[in-house]
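So the structure is just underneath, and the comments pick up after that.
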Amino acid sequence: MPDGDIVHNGLGRLYKKPYQQLCEGKANSDECAQVMLEALKKDLIQRGDLPIRLCQEMSNFIIQALSSGDEFSAQKYAELSMSFDELSYHLNGRPDLKKLALDAGKSILHDLRYGERIDSENVFKELSGRYISEVYQSEFKEKVPLTPQHHAGIDANTLDQRIAEIQPYIDKAIDTWSNKIVSDGSVSRLRMPPRQRLGNELDLQGDSMAKHNHRNHEKLAALLSSNKFGSLQITTQDLKKYFSQPCEVDWDES
């Protein structure tokens, strides 16, 4: 990106390129997602393991609370929330790095308070995933609207739609990375997840099959309306479609 090319003043350096790509609309969802995930991965690694240590400590408190078997009352919620604040305060490091992990921990407390079940064996994974989501939300999604006009003249609704289209890729990566964090206890070895081409390939296959069936449908109608013989490849779906229509063929019963 050339110097002086202002794309979005409110976004951090890492997220300007994915934002620009989404605005310009020249790349497909898979390509946009890859650029976004590369930015998010770099962001997580730059933030380091301080938030991960806080997530680990908070998960221990949650596991202990769940193992007691007691109802998750308002009092327990308040006690754990205060414990989380104390953990964050006494953990040496920049407050801004701890804040998003703390928000993730309190979001789990909120869900437990209102009846959602959390698997005690996967608390650290759940918390790590929510922390990653908090980073993505706070550093990109929440900052995108903070500009008077979007890059390349794109309207807000279209941009929101494009951002929504890459969300499944983001969610899949978060699941992969949270497992890696549980395994390593660190973000230092996060890697880009494999390219997710399956959906696109199925769409292309579906389009090809639809065209193939349409041609065969026409050939089938022509064959059944004449005395000629011929061969063709056709799916059962197309046969069902054909025979569900009113019959226009005079069958020879002799």
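Numbers 454 to 707, taken from the working numbering, label the letters of the sequence shown in order. C-beta atoms are modelled at their ideal positions from N, C-alpha and C, and glycine is treated no differently.
Problem - Unbroken alpha helix (DSSP H) run spanning residue 613, endpoints - result: Residues 609-618.
Practice task
Mind checking which residues open and close the alpha helix (DSSP H) that includes residue 563?
Solution key: 548-566
Practice task
Counting only the same chain and skipping the five closest in sequence on each side, list residues whose C-beta sits under 6 Å from that of residue 587.
Solution key: 553, 556 and 557
Practice task
Taking only the alpha-carbon atoms, compute the straight-line gap between residue 583 and residue 605 and give it to the nearest angstrom.
Solution key: 32 Å
Problem - residue 625 to residue 608 span [Cα, whole Å] - result: Each residue's alpha carbon lies about 27 Å from the other.
Handout entry: Three-state secondary structure assigned by DSSP to residue 511
Key = helix
Exercise for the section: Take every Cβ of the stretch 491-503, pair it with every Cβ of the stretch 459-478, and state whether three or more of those distances are shorter than 8 Å. Expected result: yes
Problem - Rounded separation between residue 521 and residue 560 - CA only - result: Cα to Cα, residue 521 sits roughly 20 Å from residue 560.
Problem - Simplified DSSP state of residue 525, which is helix, strand or coil - result: coil
Exercise for the section: Going by CA-CA distance only, name the one from 632, 613 and 573 that's closest to residue 517. Expected result: 573
Practice task
Please classify residue 660: is it buried, with 16 or more other beta-carbons within 10 angstroms of its beta-carbon, or exposed?
Solution key: Since pLDDT at residue 660 reaches only 44, below the 50 mark, its modelled position is unreliable, and the value read off the structure follows with that caveat. With fewer than 16 other Cβ atoms within 10 Å, it is exposed.
Practice task
Check whether the Cβ of residue 569 lies closer than 9 Å to any Cβ atom in chain C.
Solution key: Note that chain C does not occur in the displayed structure, where there is just one protein chain.
Practice task
Given a cut-off of 9 Å, decide if residue 475 and residue 566 are closer than it, judged by their beta-carbon atoms.
Solution key: No, the pair does not count as a contact, with Cβ atoms beyond the cut-off.
Practice task
With a 10 Å radius around its C-beta and 16 neighbouring C-beta atoms as the bar for buried, classify residue 526 as buried or exposed.
Solution key: Answer is exposed; the Cβ neighbour count stays below 16.
Problem - Residue from 623, 640, 504 and 613 whose Cα sits closest to the Cα of residue 595 - result: With distances taken between Cα atoms, residue 595 lies closest to 613.
Handout entry: As assigned by DSSP and simplified to three states, the class of residue 604
Key = For residue 604, the secondary structure class from DSSP, reduced to helix, strand or coil, is helix.
Problem - Cβ neighbour criterion (16 or more within 10 Å) applied to residue 645 - result: exposed
Problem - Contact under 9 Å by Cβ, residue 635 with residue 578 - result: yes
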